[in-house]
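In the UniProt record's numbering, the protein residues as written are 1 to 161. Beta carbons: idealized from backbone N, C-alpha and C, even for Gly. Predicted model, so just to flag it, every value in this text is computed and none were measured. Notes to accompany the following structure.
Set out below in structure tokens:
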């Protein structure tokens, strides 16, 4: 579920309710998620990336998922975050890893860093205001600034040698 959210930006509650009825195939053959966000009731339309489609396919026949019609077998958000904390410890990740980080990853690493316009990201995340989405842009700007400082330092060292 966490990885699927990294590729779709879906919140935990929206992902836990996601069913095959929410996957729509357009005339061009592309599959999309069509839902209304639980939190804001905003309509959300998300084109599915190949990585997300592979995850849907993997769980297509999972009995735990098909009993109540969700695409993925679900656990509580609290239990999910507990597992993510364990994974972070095992992997030496010092960041407080929660399910919501997947949504941030979609907004920053998957979309914004790859040139998707902030207006499109805002719509896919179901934000009612683009100001909410702009918070993610600040994260990306901080990363760009940090990366450029590293580059500047590296270039300065090369000039000195």
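With respect to the 8 Å criterion, residue 56 and residue 35 are not classified as neighbours on the basis of their beta carbons. For the 8 Å CB-CB criterion, residue 6 and residue 99 do not form a contact. Measuring C-alpha to C-alpha distances from residue 126 to each of 117, 24, 44 identifies 44 as the nearest.
DSSP places residue 23 inside the beta strand (DSSP E), whose first and last residues are 23–25. Assigned with DSSP and collapsed to three states, residue 153 falls in helix. In this structure, the CA atom of residue 118 is about 28 Å from the CA atom of residue 152. When the beta-carbon positions are compared, residue 103 and residue 9 come within less than 8 Å of each other. Look at residue 93 here: in three-state DSSP terms it is coil, with no helix or strand label.
In terms of Cβ geometry, residue 69 and residue 19 form a close pair [threshold 8 Å].
Taken in chain order, the complete beta strand (DSSP E) segments of 3 residues or longer contained in the region 7–91 are 23–25, 31–36, 43–47. Counting the other Cβ atoms within 10 Å of the Cβ of residue 128 gives fewer than 16, which makes it exposed. Residue 120 holds the alpha-carbon nearest to the alpha-carbon of residue 134 among 26, 82, 120, 46.
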